[in-house]
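*Asks:* Residue numbers (this note's numbering): 761 to 1120. Quick reminder that beta carbons are idealized off the backbone N, C-alpha and C, glycines included. Sending over a structure as structure tokens; questions will come in a sec.
Below, the structure written as structure tokens:
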């Protein structure tokens, strides 16, 4: 008989090994998936993880690691603060969209004026848009005890409808010959999030992600508020005895995660994406959940996990074009990573016990 047996205390060794084991399991079962699709599993895995870094066109793909990794890290840092406290914001995708809409709206409102103040105003508006959207589930939870998971997730679909409406209506390019989508912000110097060092992939979103990592690290390691976040997630009763105000913590964690997701949306729409369009959002808000857990909710771990997930995005695109792998297979491959991470993480607190069943 095989059964799960609770460990006397969580295994620190297994906690650190879980991300590595999840990656290896993803490689193995992902290879089986690719083989079932008639593709060489070894070639598929190498294409995804080797080509962007060391392949023939790696000089082009390497900067993309920063471009695609920055929004994932920025969003995951905000999510990790809430997750550590047991506050589950699953709606970062909606906050990402609203941040992009608010920020792009401010930039387009000034078009075609040129001023160095326009982009900072867009940054403020983008952060505010994400924060405002996150405050809806936060206030509802504080005032009425609603479930922040359901509310934040449902608001993603509302945000997507706003995105479609703005692309076809208020923010639609009047010179776009009827096509949906806003003006291209890459062609508007004052609203363009251009590379700080040309060809490096380093733009202001990358800088913001690095600042967020440092902020989260200092907060969790040195600040009283970080202690409140950690103790609330690990021992809620102890947190109440320590004087932690749960309502304030909910507002802080959800507000901060929404603000960072909104900033990620703003930096993306004003930089790599370039415009508001119906298909602007590509799932960064959901992928960031994988990044947060793969990084063990630790700021440094999130950076490494963000780069790994960015690698799967870039390598996945290469595998689609070179090997003919379907996009859905790449998405399943990415989803496997979260599945195995959560499944194996169970063994941090439990272990398998083998024994015989007793006769009745």
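Quick one: Cα of residue 914 to Cα of residue 860, how far?
*Replies:* 18 Å
*Asks:* Put residue 771 into one of helix, strand or coil per three-state DSSP.
*Replies:* coil
*Asks:* Use the C-beta contact count for residue 1120: other C-beta atoms within 10 angstroms, 16 or more gives buried, fewer gives exposed.
*Replies:* Because residue 1120 sits at a pLDDT of 46, beneath the cut-off of 50, its placement in the model cannot be relied upon, and the following sentence gives the value as read from the coordinates. Residue 1120 sits exposed, since fewer than 16 C-beta atoms from the chains shown fall within 10 Å of its C-beta.
*Asks:* Give every residue of the same chain whose Cβ lies closer than 7 Å to the Cβ of residue 1111, excluding the five residues on either side of it in the sequence, and list them in chain order.
*Replies:* 765, 767
*Asks:* Considering only their Cβ atoms, is the gap separating residue 863 from residue 886 smaller than 7 Å?
*Replies:* yes
*Asks:* For the stretch 869-879 and the stretch 945-956, state whether three or more C-beta atom pairs, one from each stretch, are separated by less than 8 Å.
*Replies:* Contact holds: three or more Cβ-Cβ distances are below 8 Å.
*Asks:* Going straight from the alpha carbon of residue 769 to that of residue 820, what length do you get?
*Replies:* About 47 Å.
*Asks:* Are the beta-carbon atoms of residue 1060 and residue 1097 separated by less than 7 Å?
*Replies:* No; because the gap between Cβ atoms is not below 7 Å, this pair is not in contact.
*Asks:* Tell me, please, whether the CB atom of residue 1074 is closer than 7 Å to any CB atom in chain D?
*Replies:* Among the chains in the structure shown there is no chain D, since it carries only a single protein chain.
*Asks:* When DSSP builds the beta bridges, which residues end up paired with residue 1113?
*Replies:* DSSP output for residue 1113 lists 763 as bridge partner(s).
*Asks:* Relative to the C-alpha of residue 1007, which residue among 846, 924, 831 is closest?
*Replies:* Residue 1007 has its Cα closest to that of 846, out of 846, 924, 831.
*Asks:* Do you know how far the Cα of residue 881 is from the Cα of residue 842?
*Replies:* In a straight line, the C-alpha of residue 842 is about 27 Å away from that of residue 881.
*Asks:* What separation, rounded to the nearest whole angstrom, lies between the Cα atoms of residue 1029 and residue 1114?
*Replies:* 54 Å
*Asks:* For residue 784, count neighbouring C-beta atoms within 10 Å of its own C-beta (all shown protein chains included) and say buried if the count is 16 or more, exposed if not.
*Replies:* exposed
*Asks:* What residues in its chain sit with their C-beta under 7 Å from that of residue 835, if we drop five residues either side in the sequence?
*Replies:* For residue 835, same chain residues with a beta-carbon under 7 Å away, outside a window of 5 residues either side, are 852, 856, 1020, 1021, 1024, 1044, 1045, 1048 in chain order.
*Asks:* Tell me whether residue 891 sits in a helix, a strand or coil according to DSSP, three-state version.
*Replies:* Helix, per DSSP.
*Asks:* One question on the structure: do residue 850 and residue 931 come within less than 7 Å of each other, judged by their Cβ atoms?
*Replies:* no
*Asks:* Smallest Cα separation from residue 888: which of 1075, 1017, 1057?
*Replies:* When only C-alpha atoms are compared, the closest one is 1017.
*Asks:* DSSP on residue 828, reduced to helix/strand/coil?
*Replies:* helix
*Asks:* If the criterion is Cβ atoms closer than 7 Å, does the pair residue 1062 and residue 837 meet it?
*Replies:* Yes, these two residues count as a Cβ contact at 7 Å.
*Asks:* If you drop the 5 nearest sequence neighbours on each side, which residues of the same chain put their C-beta closer than 7 Å to that of residue 902?
*Replies:* 1007, 1010, 1011
*Asks:* Residue 959: which of 824, 782, 778, 791 sits nearest, CA to CA?
*Replies:* For residue 959, the closest C-alpha among the options 824, 782, 778, 791 is that of 824.
*Asks:* Go ahead and pull the three-state DSSP assignment for residue 870.
*Replies:* coil
*Asks:* May I ask you to report which of helix, strand or coil DSSP gives residue 1101?
*Replies:* helix
*Asks:* What is the rounded straight-line gap between the Cα of residue 817 and the Cα of residue 811?
*Replies:* 8 Å
*Asks:* Buried or exposed: residue 978, going by 16 or more other Cβ atoms within 10 Å of its Cβ?
*Replies:* Its Cβ having fewer than 16 others within 10 Å, residue 978 is exposed.
*Asks:* Determine the closest residue to residue 1003 out of 893, 984, 920, with distance taken between C-alpha atoms.
*Replies:* 984
*Asks:* Let me confirm a value: residue 776 is counted as buried when at least 16 other C-beta atoms fall within 10 Å, else exposed. Which label applies?
*Replies:* exposed
*Asks:* In angstroms, rounded to a whole number, what distance separates the CA positions of residue 795 and residue 1005?
*Replies:* So the alpha carbons of these two residues sit roughly 53 Å apart.
*Asks:* Express the C-alpha separation of residue 844 and residue 1086 in angstroms, rounding to a whole number.
*Replies:* 35 Å
*Asks:* Just to confirm, are residue 832 and residue 1052 a CB contact at a threshold of 7 Å?
*Replies:* no
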